[in-house]
Amino acid sequence: MRVGRWLLVLVPLVLLGLERPPVLPHAPAPDPRALVPRVVPIPPDNPQTPAKVELGRRLFYDPRLSLDGKVACASCHRPEFAFSDGGNPVSVGVFGREGTRNAPTLTNVAFRRRLFWEGRSPRLELQAVGPLTAHHEMGMEPEALARRLSSIPEYARAFQEVFGEPPSLKNVAFALAAFERTLLSYNSPFDRFVAGDDRALSPAALRGMELFFSERGDCFHCHVGPEFTDDEPRNTGLYTVYPDVGLARITGRDEDVGKFKTPTLRNVALTAPYMHDGSKKTLREVMEHYNRGGEPNLNADPLIRPLGLSESEVDDLVAFLESLTDAQFISNPALLPSR
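Counting in UniProt numbering, the sequence shown runs from 1 upward without gaps.
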């Protein structure tokens, strides 16, 4: 892989004043009122059943799925923070092992075409295996996980009832995926506005929405559709030299250095800190980064350019982002631990 050599020449080239590619024409801004929820896609090999969803919910909140018995899925995806990591820049796994990336929200994760920050997993069932077995997350070997769950009578019975077989890494992942497909959030002030409530948004949020869906604010090209993401990996000019090379770690291509998947903006006000490494503490910091056009980087997406927004316009954009918060979602008893 040529990533190391690429990093060595990146700064000199930037200092020479190489220009970024021109901004290409894009589709026009959508009508915000057209951004209505979609039907949840269910894979044919993992049909939803109430029993499977309930099993997945129990597993999601159970730290016994981890090597030291102290880390659950919910340890890094906490419901009160829209199933993100609640103020931690990066997640801490078993035995205090620290990761390198910020745990993203699971809001409406059923609709994600790509999972993980570099988008390396195409479906929830595959994604769930990663944290369960990762050394710095839950740290379990597949056989050890199966043995532990089989030794717990209520799990042994539940897996037999749901899957017709004993616990295994595969059916743990399938149960978790079934539960995660129920993490649906469509009752924010913005959603109520889309549904026809003209008083749902504050004047500042309305101004911010107009900016968001304009070429001037230029947010909607990447944060598209009802989920406010195109799921594409992009370099947003966060750094001139990236400590974490992002997508290039998977592809080995120089042009993929610093590319990370566009996150959803639903419930974004609850999911600080921001960016793949949790390096931005507030939404205002994020907006100021984009307003100044990011840091010099040859791989920066052509859309990353100075916006020239005023302080009050940045405030309005933040107000709109806050209007994507669904208070009902984070208190929904069906999504919380079983009593």
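Even for Gly, the Cβ is constructed at its ideal location relative to N, Cα and C.
Residue pairing by DSSP puts Phe-260 in a beta bridge opposite Arg-234. From the listed residues Arg-181, Pro-79, Glu-98, Leu-132, the smallest Cα separation to Arg-123 is found for Arg-181. In the displayed model, Val-92 falls within a strand according to three-state DSSP.
Of the residues assessed, Ser-75 falls on the buried side of the cut-off, its CB having 16 or more other CB atoms within 10 angstroms. Straight-line spacing of the CA atoms in Val-109 and Gln-127 works out to 11 Å.
Ala-103 counts as buried, since at least 16 other C-beta atoms from the protein chains shown sit within 10 angstroms of its C-beta. Excluding sequence positions up to five before and after Gly-208, its CB lies within less than 6 Å of the CB of Asp-316, Leu-317, Ala-319, Phe-320, all in the same chain and listed in chain order. Leu-335 and Leu-183 have their C-alpha atoms some 7 Å from each other.
Between Phe-228 and Leu-265, the C-beta gap is smaller than 8 Å, which places the two residues in contact. One thing to note: Leu-247 has its Cβ no nearer than 8 Å to the Cβ of Ser-84.
Here the alpha carbons of Leu-307 and Arg-216 stand approximately 7 Å from one another. Of the residues Asn-46, Arg-57, Thr-107, the one whose Cα lies closest to the Cα of Phe-179 is Arg-57. The residues Phe-111, Pro-226, in chain order, have a CB closer than 8 Å to that of Arg-38 in the same chain once the five nearest residues on each side in sequence are set aside. When the beta-carbon positions are compared, Asp-218 and Thr-262 stay at least 8 Å from each other.
The C-beta distance from Leu-324 to Phe-190 rounds to 5 Å, short enough to fall under 8 Å. Contiguous alpha helix (DSSP H) elements confined to the UniProt domain "Cytochrome c" (51-179) occur at 73-76, 124-133, 142-150, 153-163, taking only those with 4 or more residues. Of the candidates Asn-297, Arg-249, Ser-279, Gly-86, the residue whose Cα lies closest to the Cα of Arg-120 is Arg-249.
About 11 Å separates the beta carbons of Pro-30 and Val-194, which is beyond the 8 Å limit, so they are not a contact pair. Straight across, the Cα-Cα distance linking Thr-282 with Met-140 is about 34 Å. Rounded to the nearest angstrom, the Cβ distance from Leu-238 to Met-287 is 14 Å, too far for a contact under 8 Å. The alpha-carbon separation between Glu-54 and Arg-339 amounts to approximately 12 Å. Beyond the five residues adjoining it in sequence on each side, Gln-328 comes within less than 6 Å, by CB distance, of Asn-187 in the same chain, given in chain order. In this structure Glu-255 touches Asn-299 by the C-beta definition: roughly 6 Å separates them, less than 8 Å.
For Phe-220, there is no enclosing alpha helix (DSSP H), as DSSP marks it with neither H nor E. Every alpha helix (DSSP H) stretch that sits fully inside the region 183-208 and reaches 4 residues is listed by chain position as 189-194. Excluding five sequence positions before and after Arg-114, the CB atoms of its chain that fall closer than 6 Å to its own CB belong to Asp-231, Lys-261, given in chain order. With contacts defined as CB atoms closer than 8 Å, Val-94 and Lys-70 qualify as a contacting pair.
In the structure shown, Tyr-290 adopts helical secondary structure according to DSSP, grouped into three states.
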